[in-house]
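Student: In the UniProt record's numbering, the protein residues as written are 1 to 851. C-beta: ideal position from N, C-alpha, C; glycine also.
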Amino acid sequence: VFYTLYILVILYCEQGLSTNILVFFFLFQWEEIGEVDENYAPIHTYQVCRVMEQNQNNWLHTNWILTEGAQRVFIELKFTLRDCNSLPGGVGTCKETFNIDGTGMTEEEDRAMKESRYIKIDTIAADESFTELDLGDRVMKLNTEVRDLGPLTRKGFYLAFQDLGACIALVSVRVFYKRCPFLVKSLAEFPDTIPGSEASQLVEVVGRCVNNSLPLYEPPRMHCSTEGEWLVPIGKCVCQPGFEEINGSCQVCKVGFYRSLLESLACSKCPPHSVARQMGATACSCEDGYFKLDSDPSNMACTRPPSAPRNAISNVNETSVFLEWSIPMDTGGRKDVRYNVICRQVLPDGRGLEECGPNVRFLPRRTGLSNTSVMVADLQSHTNYSFLLEAVNGVSDLAKGHAKQYVSLNVTTNQAAPSPVSVVRKGHTGKSSIALSWAEPDRPNGIILEYEIKYFEKEQDSSYTIIKSKDTEMVVEGLKPSSAYIFQVRARTSAGYGAFSRRFEFQTSPYCEYTKEKERCGYSKAKQDPEEEKMHFHNGHIKFPGVRTYIDPLTYEDPNQAVHEFAQEIDVSYISIERIIGAGEFGEVCSGPLRLPGKREIQVAIKTLKAGYTEQQRRDFLWEASIMGQFNHPNIIRLEGVVTKSKPVMIITEYMENGSLDTFLKKNDGQFTVIQLVGMLRGIASGMRYLSDMGYVHRDLAARNILVNSNLVCKVSDFGLSRVLEDDPEAAYTTRGGKIPIRWTAPEAIAYRKFTSASDVWSYGIVMWEVMSYGERPYWEMSNQDVIKAVEESYRLPGPMDCPEALYHLMMDCWQRERSNRPKFDEIVCLLDKFIRNPSSLKKLVNSSHR
1 VFYTLYILVI LYCEQGLSTN ILVFFFLFQW EEIGEVDENY APIHTYQVCR
51 VMEQNQNNWL HTNWILTEGA QRVFIELKFT LRDCNSLPGG VGTCKETFNI
101 DGTGMTEEED RAMKESRYIK IDTIAADESF TELDLGDRVM KLNTEVRDLG
151 PLTRKGFYLA FQDLGACIAL VSVRVFYKRC PFLVKSLAEF PDTIPGSEAS
201 QLVEVVGRCV NNSLPLYEPP RMHCSTEGEW LVPIGKCVCQ PGFEEINGSC
251 QVCKVGFYRS LLESLACSKC PPHSVARQMG ATACSCEDGY FKLDSDPSNM
301 ACTRPPSAPR NAISNVNETS VFLEWSIPMD TGGRKDVRYN VICRQVLPDG
351 RGLEECGPNV RFLPRRTGLS NTSVMVADLQ SHTNYSFLLE AVNGVSDLAK
401 GHAKQYVSLN VTTNQAAPSP VSVVRKGHTG KSSIALSWAE PDRPNGIILE
451 YEIKYFEKEQ DSSYTIIKSK DTEMVVEGLK PSSAYIFQVR ARTSAGYGAF
501 SRRFEFQTSP YCEYTKEKER CGYSKAKQDP EEEKMHFHNG HIKFPGVRTY
551 IDPLTYEDPN QAVHEFAQEI DVSYISIERI IGAGEFGEVC SGPLRLPGKR
601 EIQVAIKTLK AGYTEQQRRD FLWEASIMGQ FNHPNIIRLE GVVTKSKPVM
651 IITEYMENGS LDTFLKKNDG QFTVIQLVGM LRGIASGMRY LSDMGYVHRD
701 LAARNILVNS NLVCKVSDFG LSRVLEDDPE AAYTTRGGKI PIRWTAPEAI
751 AYRKFTSASD VWSYGIVMWE VMSYGERPYW EMSNQDVIKA VEESYRLPGP
801 MDCPEALYHL MMDCWQRERS NRPKFDEIVC LLDKFIRNPS SLKKLVNSSH
851 R
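In structure tokens:
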């Protein structure tokens, strides 16, 4: 009935098992048929076909099959099966399926008892069945089915095939497991790995770096899948220092080359002034006289200490010395050049030198200077000093045994103003008088000519009185009873006034009785000698003599009245907003065309008031327009008008194409001639002369508040200091309350808010310095407190590179301590006009940078 089939039953693993293991069968009602294939090679078949008999239970067992460590195996069956309908007589017990079973019994267990302990794996059905045998064509309708078995926990297992009445023949039984093969990837090798028992499980395998390689960041890992495939590579190996990867192998670095970092791809040539004399170098050694820090990158050239600073000059101001120098000719190949100052006092009679005492101060510091200048203060007057300037860099400390190079300066200090009075004592106190006494300054630096006493009622420092005395005591009269007063004293020599003492607070005696007459007397001032000077201030403003044409909008009961009086109302339909150019305090700043009837179209800047404003914010916003609308000058930003009758509320000004002066200069560093820069300064001075003549004090004159148009015309802007400064990053709180732009503000305005046109001149000197240095920050990285202290001690900004000496002299005049000694704006304009008419006067430079 059956034709002979062959069967090959072996156990093996895919991906290259080294040993194939035959599986022998033990027959229980199955028949083994010996046959030959078409090549006459002997083969075996196992078949059963007892369909004519009832209650069939025929078993075919394998021998013990070793798993070789596999936790899941696969069973591939190839078989033929007879269609029951093709059998004669329509046998009713015929089946068209058979079972495959497995068991985990040990090899030694009794084979006769195994059937009861087998667990059914699956029922196998045929996709193809045959009805007759065509021996001529040798037609075989083979079925192939694959099943998996697992997880396996023992070293081996049995398989069995159970026939319950089918006509079936096994052609092939293949038992196999899968594994991930040995692999070398990214300089790491991964061993043969058997997958896990679960179908979705990945087995993580840590690789081993080979061939002079090391893990990069983390050990290399791969994951073995149940299909025997390597997946999810993590990490990798790279060649160890001194080697580089070439064609998948680590090759040693050649002489003259090195590799120090695992992240580097290849060996690199030694950087300048370094050598690698052996193969496999991980670093290059510096040549003699050259050094490298541990923190320096490996590819950085070896460097050496710098040469001495050059072109050192000194400027003596009383007992302070300003030292300035140029960078060394040779920086040693490094950018971290810093400077140290050694101060030594020349002893009398040529007895040598001694180190300056701890009282001498260096601004900003004595060592580690990044700028090429320093202020040395608190020296003794009429004394010889020797200063050594040393340039160092990061490797200077490594260059032991190498002689340090200095540049030396010898200076002699001048007569100096006295040091501050340290103690003020209170004597007898009356209801309207206080007796004061004080000691001479610790360092008078000369003969004391007189003392100046400043006093004011506590919390009323906007109004004060100054009186003078030639003695170290006096009685201040005309005070209010039961009131606290603040007193400060300073001394004057032929060199000028010293600094005021700290504040001393004393209180007058109370009234005996209260009358209107005594009340009036309580406000009288102290008796004055003919040299007494009185100055009265209110909210920082001085009232100038003559006709005052500027009107403070705050004097109006209704601020809206000031807006309508000084600013033109513009219909919003005449304005088109095209783009946003910035952000203001109250909203966006835009630009666009303004088309007024009967006038040509012009480009304007538009400040808008953001939605949700309060009435106070609206008043503050329009306040600047009330000020600006009073000015009409080619160097003052022009107000075109306001929009107040529709939303958003707007301020319309002329459009300045090049924006703020400080930003414009930084973008165009070194691009202008000296005459062009002087022309810019002349325009600013002309605008400030106009404001000064109007009786208006700007209080925030700085390059950031100067606007520049396309023709390089500079115009003064920003007339809202008292409001804006609260959010200005350049402003700082002062001891007097409020915020002030310290770096641009005159000393008297910082100390007691004495804002005048003279304080605007001081600020103009700072603007000159900004322009000539192309927008550099005044006083660099010094803190606001250091700036205040340095200026009080006569420190002044050094001349910018390539700055004409004549312009720097004008700056220094603007920075005179006594405000009465500073030039007026009309004098400044006149002097700048002379410079422009005579350019040769600007040829001599303070210092040249070969820009």
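Count the other CB atoms within 10 Å of the CB of Leu-797; is the residue buried (16 or more) or exposed (fewer)?
Tutor: Answer is buried; the Cβ neighbour count reaches 16.
Student: With DSSP as the reference, please indicate the residues paired to Pro-215 in a beta bridge.
Tutor: Partner(s): Cys-237.
Student: Quick check on DSSP: helix, strand or coil for Cys-814?
Tutor: Cys-814 falls in the helix class under three-state DSSP.
Student: Please give me, in chain order, every unbroken run of the beta strand (DSSP E) with length at least 3 that falls completely inside the UniProt domain "Fibronectin type-III" (305-416).
Tutor: As far as the UniProt domain "Fibronectin type-III" (305-416) is concerned, its whole beta strand (DSSP E) runs of at least 3 residues are 310-317, 320-326, 338-346, 353-355, 361-363, 373-377, 384-392 and 406-412.
Student: So Ala-758 is in the alpha helix (DSSP H); what residue range does that whole segment cover?
Tutor: Counting along the chain, the alpha helix (DSSP H) containing Ala-758 begins and ends at 757-772.
Student: What first and last residue would you give for the alpha helix (DSSP H) that runs through Cys-830?
Tutor: Segment 825-837, the alpha helix (DSSP H) holding Cys-830.
Student: Determine the burial state of His-402: buried for a count of at least 16 other Cβ atoms within 10 Å of its Cβ, exposed for fewer.
Tutor: Classification of His-402: exposed, given that the 10 Å Cβ count is below 16.
Student: So which of Glu-805, Leu-807, Ala-806 and Arg-822 has the shortest CA-CA distance to Asp-813?
Tutor: Closest option to Asp-813, Cα to Cα, is Arg-822.
Student: Kindly give me the distance between the Cβ atoms of Leu-159 and Gly-69, rounded to whole angstroms, as I take these residues to be in contact under 8 angstroms.
Tutor: Rounded, the Cβ-Cβ distance is 18 angstroms, inconsistent with contact.
Student: With DSSP collapsed to three states, give me the class of Val-678.
Tutor: Residue state, collapsed to three classes: helix.
Student: Name the two residues that bound the continuous alpha helix (DSSP H) containing Glu-229.
Tutor: No alpha helix (DSSP H) contains Glu-229, which DSSP labels as neither H nor E.
Student: Using DSSP with H/G/I as helix, E/B as strand and the rest coil, what is Met-650?
Tutor: Here Met-650 sits in strand by DSSP.
Student: Which one or two residues does DSSP pair with Lys-185 in a beta bridge?
Tutor: Answer is Ala-188, bridged to Lys-185.
Student: Closest to Glu-441 by CA distance: which of Ser-433, Thr-429, Ala-435 and Ser-422 is it?
Tutor: Note that residue 441 is Pro in the sequence shown, not Glu. When only C-alpha atoms are compared, the closest one is Ser-422.
Student: Which residues does DSSP pair with Ala-125 in a beta bridge?
Tutor: In DSSP, Ala-125 forms a bridge with Thr-97.
Student: In the structure shown, what three-state DSSP assignment does Thr-663 receive?
Tutor: Here Thr-663 sits in helix by DSSP.
Student: Among Ile-124, Arg-619 and Thr-614, which has the Cα closest to the Cα of Glu-557?
Tutor: When only C-alpha atoms are compared, the closest one is Arg-619.
Student: Taking contact to mean 3 or more Cβ pairs, one atom from each stretch, closer than 8 angstroms, check whether the region 276-283 and the region 318-336 are in contact.
Tutor: With a cut-off of 8 angstroms, the region 318-336 and the region 276-283 do not count as touching, because too few Cβ pairs lie within range.
Student: Look at the alpha carbon of Ala-166 and the alpha carbon of Trp-59, and state the distance between them as a whole number of angstroms.
Tutor: Taking the straight line from one Cα to the other gives about 12 angstroms.
Student: Under a Cβ-count criterion, where at least 16 other Cβ atoms within 10 Å of its own Cβ denotes burial, should Ile-21 be classed as buried or exposed?
Tutor: Residue placement at Ile-21 cannot be trusted, given a pLDDT of 41 that sits under 50; what the coordinates show is reported in the next sentence. Looking at its Cβ environment, which holds fewer than 16 other Cβ atoms inside 10 Å, Ile-21 is exposed.
Student: For His-809, count neighbouring Cβ atoms within 10 angstroms of its own Cβ and tell me buried if that reaches 16, exposed if not.
Tutor: Exposed.
Student: Helix, strand or coil for Arg-777, going by three-state DSSP, please let me know.
Tutor: Coil.
Student: Would you mind reading off the limits of the alpha helix (DSSP H) that contains Pro-559?
Tutor: It spans 559-566 - the alpha helix (DSSP H) in which Pro-559 sits, taken as one unbroken run.
Student: I'd like to know whether the C-beta atoms of Ile-168 and Phe-98 end up nearer to each other than 8 angstroms.
Tutor: Against a cut-off of 8 angstroms, the Cβ pair of Phe-98 and Ile-168 comes out as a contact.
Student: Report all residues from its chain with a CB closer than 7 angstroms to the CB of Glu-513; omit the five preceding and five following residues, and keep chain order.
Tutor: Reliability of the predicted coordinates at Glu-513 is poor, the pLDDT of 40 falling under 50, and the value obtained from them is presented with this limitation in mind. The answer is none, since no qualifying residue turns up.
Student: Would you check if the distance between the CB atom of Glu-452 and the CB atom of Arg-490 is smaller than 8 angstroms?
Tutor: Closer than 8 angstroms, so yes.
Student: Near Glu-792, what residues of its chain come up, given a Cβ to Cβ distance below 7 angstroms and the 5 sequence neighbours on each side ignored?
Tutor: Closer than 7 angstroms at Cβ, skipping near neighbours: Ala-499 and Pro-747.
Student: If we ignore side chains and look at the alpha-carbon of each, how far apart do His-541 and Gly-427 end up?
Tutor: Reliability fails at His-541, whose pLDDT of 35 lies under 50, so the model's placement of it is uncertain and the value that follows must be treated cautiously. Going by the C-alpha atoms only, they are around 34 angstroms apart.
Student: Note the first and the last residue of the continuous alpha helix (DSSP H) segment covering Gln-616.
Tutor: Gln-616 -> alpha helix (DSSP H) spans 615-628.
Student: Compare the C-alpha of Tyr-339 against each of Val-316, Pro-358 and Pro-364 and name the closest.
Tutor: When only C-alpha atoms are compared, the closest one is Pro-364.
Student: Do Thr-367 and Gly-332 have their CB atoms nearer than 8 angstroms?
Tutor: Going by C-beta atoms, Thr-367 is not nearer than 8 angstroms to Gly-332.
Student: DSSP three-state call for residue 863: helix, strand or coil?
Tutor: No statement about residue 863 is possible, as the shown extent of the chain runs from 1 to 851 and does not include it.
Student: Leaving out five residues before and five after Ala-308 in sequence, what residues of the same chain have Cβ atoms less than 8 angstroms from its Cβ?
Tutor: So the qualifying residues of the chain are Pro-328, Leu-389, Glu-390, Ala-391, Gln-405, Tyr-406 and Val-407.
Student: Taking Arg-50 as the reference, give the member of Thr-62, Trp-30, Trp-64 and Gly-34 with the closest Cα.
Tutor: Considering only alpha carbons, the answer is Trp-30.
Student: What three-state label does DSSP hand Gly-683 in the structure shown?
Tutor: Looking at Gly-683 - three-state DSSP - the assignment turns out to be helix.
Student: DSSP puts Pro-800 in a beta bridge; with which residues?
Tutor: Pro-800 pairs with nothing; no bridge assigned.
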